[in-house]
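Structure first, then comments.
Set out below in structure tokens:
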């Protein structure tokens with residue numbers, strides 16, 4: 400680990416425990432995990448998504464459909480990028496070993512080969528990585544777990560979106576199925592906190608979701624299926640979870656507060672880019688993007704009031720993170736690995752720093768539009 | 135339930151809507167006159183409930199709370215869904231927003247149909263691409279406005295010709311739509327942008343977009359048109375808009391897990407009834423004090439989404455999507471007095487006079 404990375408890690412570390420931008424919690428709930436642990440929640444989501452891809456590979460023996468193969472490949476792209484640099488900062492060997500194992504699985508899937516021996520290795524490494532990136536103390540907090548569940552239920556690649564996206568790319572269905580399996584496990588961890596009525600409500604919704612995703616394989620036809628069918632119970636569960644874990648799980652209820660927070664969150668990330676620590680900066684930008692995008696509708700709102708500002712922000716995001724799809728054009732041995740061995744560091748630093756500053760300027764403009 | 139014995143005149147909204155149509159005006163005026171002479175309200179109503187998954191409309195007689203008919207909308211339930219509705223002032227026509235289930239593609243199923251309730255026949259059909267979700271009929275009955283969910287647009291159509299005469303970009307995932315009692319303003323909510331777009335129907339332009347609560351669903355105007363109320367499902371609020379300046383002047387907090395969706399304005403008292411979708415509750419709000427005065431949960435059907443109120447303000451009906459039912463609420467006791475079986479996926483509820 401380099402001295403530069405240590406300094407940036409310290410700067411990013413300050414972000415992991417949240418920024419003091421206004422009151423953190425709502426009047427109704429005590430916690431606000433997406434404000435208290437914004438980057439940690441994003442990193443946890445990345446770790447969860449890697450686990451989710453592994454779950455899919457295990458359930459659907461290779462050879463896999465090409466489209467599904469691309470979904471699995473995301474675990475060495477954007478999924479890993481959410482936490483890889485932090486992991487490398489804490490245990491470079493583990494980060495490298497995990498990435499290499501995941502890469503072998505992706506390659507085996509591409510070749511139509513079995514991955515039976517690799518899966519337990521990957522899982523073991525992933526568990527170690529999870530504990531290093533997100534301390535077990537925080538992992539096991541109900542509010543944090545609620546945040547993880549909310550993302551698995553509502554974010555891209557999750558329960559609600561899995562079905563909707565499957566109408567365009569049918570194998571997204573497998574993502575919805577796999578996310579469902581994980582949500583059920585996490586619910587078992589916290590269901591004792593719920594009242595009998597709330598527990599019954601969640602279990603009813605989970606049963607409904609189970610009936611939508613009976614298998615990882617998509618149905619032969621989507622005719623007669625409402626693409627938003629999984630969203631209704633998923634939203635309902637998140638609403639109940641807020642009460643159960645006593646934490647606000649929708650970060651976009653107060654959009655001015657949110658955008659003000661995102662400005663402050665993104666700013667130190669630009670320092671990481673300027674210091675050549677693109678991968679560390681990128682981890683923060685993923686978290687910023689989560690809350691600017693579909694999860695909150697902030698970007699759509701800015702797009703309505705000031706399309707040019709939204710275009711500026713989105714262009715900046717596109718220069719910093721994988722906005723729509725996995726980016727397999729990046730150096731495979733360096734993706735998400737703290738930039739080690741990347742021959743294009745010089746250009747990337749400038750591009751990343753410039754894009755990041757453009758992002759902050761765009762978010763500041765968005766804040767002004769909302770009256771801040 | 136003996137609504138025939140109630141003596142209240144039809145609400146202001148009905149009278150305004152009727153005033154622009156000679157035939158309807160004659161019908162309604164004569165009924166009002168008859169009411170004043172006999173001391174009884176001869177205006178009879180029908181409750182219409184659109185059912186998303188069975189692709190039909192349940193018709194309920196509020197005097198008996200019995201289903202008196204089912205109007206088929208499509209022979210392909212599961213592929214085609216009816217959602218938002220509007221009823222003509224004379225009660226002869228119901229307009230229904232019909233779409234397929236895939237917002238990504240514009241298909242021939244995306245349309246508005248007008249059905250003559252006397253024959254259950256489709257008498258008009260307007261092309262309305264982009265998943266039309268909800269409808270609002272102008273007070274003169276000549277124009278109908280639709281929110282087009284997939285296109286982030288709102289469009290206006292001439293009901294006689296079916297021609298689209300206006301289209302505007304509004305917020306993303308347009309949903310609720312309402313027209314002011316004087317016909318001047320159309321308000322359109324948008325789920326994803328948390329906005330209400332204000333359309334000037336005289337100048338045919340967007341007046342402004344304004345930010346409301348998180349994930350706004352439905353908007354309704356007060357009887358006198360001075361206020362508009364907008365539910366916010368994730369925000370757990372109702373925004374109160376002063377329609378003279380098109381600005382939010384108050385936000386009523388129902389609780390973060392209240393999940394408000396459709397709302398009905400009481401024509402007789404300063405209060406609104408708000409369906410709390412996911413929470414299987416109805417919230418009663420005093421719109422003078424902005425306080426929640428009651429929450430109705432007992433015997434409520436599951437996931438009340440649509441809601442409507444009778445002209446005399448005595449009865450509220452909710453369309454319950456998960457229990458495929460309609461709950462009947464007596465507004466005196468603020469309690470559920472009946473539950474009626476509807477079609478699958480009950481979505482919206484509208485009230486109309488019997489033609």
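Chains as they are written, first to last, in our numbering: chain E, 400 to 771; chain Y, 135 to 489. Quick reminder that beta carbons are idealized off the backbone N, C-alpha and C, glycines included. Keep in mind that this is a model prediction, so the values were computed, not measured.
Within its own chain, the residues whose Cβ lies closer than 7 Å to the Cβ of residue 317 (chain Y), once the five positions on either side in sequence are excluded, are 272, 273, 274, 335, listed in chain order. Three or more Cβ pairs closer than 8 Å define a contact, and the region 179-192 of chain Y meets that threshold against the region 209-218 of chain Y.
Its Cα nearest to that of residue 263 (chain Y), the residue Y:286 stands out among Y:415, Y:449, Y:253, Y:286. DSSP, read as helix, strand or coil, puts residue 538 (chain E) in helix. The DSSP-derived three-state label of residue 294 (chain Y) is coil.
Distance from residue 437 (chain E) to residue 686 (chain E) at the Cβ level is roughly 5 Å; contact confirmed, criterion being Cβ atoms closer than 8 Å. Between the alpha carbons of residue 544 (chain E) and residue 366 (chain Y) lies a distance of about 26 Å. Listed in chain order, the positions of the region 382-396 of chain Y with a beta carbon within less than 8 Å of a beta carbon of chain E are 389, 390, 391, 393. Between the alpha carbons of residue 339 (chain Y) and residue 441 (chain E) lies a gap of roughly 42 Å. Per DSSP, residue 379 (chain Y) is not a residue of any beta strand (DSSP E), being assigned neither H nor E. The beta carbon of residue 204 (chain Y) is closer than 8 Å to those of 190, 191, 192, 193, 477 in its chain, skipping five residues each way along the sequence. If you draw a 10 Å sphere on the C-beta of residue 504 (chain E), you find 16 or more other C-beta atoms in it, and that means buried. Taking the C-beta atoms as reference points, residue 761 (chain E) is found no nearer than 8 Å to residue 655 (chain E). Listed in chain order, the positions of the region 563-593 of chain E with a beta carbon within less than 8 Å of a beta carbon of chain Y are 566, 567. In the structure shown, residue 444 (chain E) adopts helical secondary structure according to DSSP, grouped into three states.
Contact with chain E is absent for residue 372 (chain Y), since none of that chain's Cβ atoms lies less than 8 Å from the residue's Cβ. Note that the C-beta distance between residue 309 (chain Y) and residue 277 (chain Y) is not below 8 Å. Annotated as proximal: residue 572 (chain E) and residue 565 (chain E), with beta-carbon spacing under 8 Å.
Secondary-structure assignment with DSSP links residue 343 (chain Y) through a beta bridge to Y:331. Note that the region 249-258 of chain Y does not touch the region 637-653 of chain E; fewer than 3 beta-carbon pairs, one per stretch, sit closer than 8 Å. Sequence-ordered contacts of the region 351-373 of chain Y with chain E read 368, 369 [C-beta pairs closer than 7 Å]. Counting only runs of 4 or more residues that sit fully inside the region 463-514 of chain E, the alpha helix (DSSP H) segments are 465-472, 477-480, 483-489, 491-510, in chain order.
For residue 203 (chain Y), no chain E residue has a Cβ inside 8 Å of its Cβ, as the nearest lies near 25 Å away. Contact annotation: residue 450 (chain E) and residue 540 (chain E) have beta-carbon atoms that are not nearer than 8 Å.
Excluding residues up to 5 positions away in sequence, 565, 569, 572 lie with their Cβ nearer than 6 Å to the Cβ of residue 617 (chain E) in the same chain.
Within the region 602-651 of chain E, the complete alpha helix (DSSP H) segments of 4 residues or longer fall at 630-644, listed in chain order. Residue 200 (chain Y) and residue 474 (chain Y) have their C-alpha atoms some 7 Å from each other. Per the C-alpha coordinates, the member of Y:226, Y:397, Y:456 positioned closest to residue 441 (chain Y) is Y:397. For the C-beta of residue 212 (chain Y), the chain E residues within less than 9 Å are, from N- to C-terminus, 622, 623, 624, 625. Straight-line measurement puts the Cα of residue 408 (chain Y) at about 14 Å from the Cα of residue 447 (chain Y). In the structure shown, residue 600 (chain E) adopts helical secondary structure according to DSSP, grouped into three states. Inter-segment contact for the region 293-307 of chain Y and the region 666-673 of chain E is absent: fewer than three beta-carbon pairs are separated by less than 8 Å. Within chain E, the C-beta atoms nearer than 7 Å to that of residue 236 (chain Y) come from 566, 626, in chain order. DSSP places residue 179 (chain Y) in the strand class (E or B) of the three-state scheme. In the pairwise beta carbon analysis, the region 298-312 of chain Y is classified as touching the region 697-717 of chain E: at least three pairs are separated by under 8 Å.
DSSP places residue 583 (chain E) inside the alpha helix (DSSP H), whose first and last residues are 571-589.
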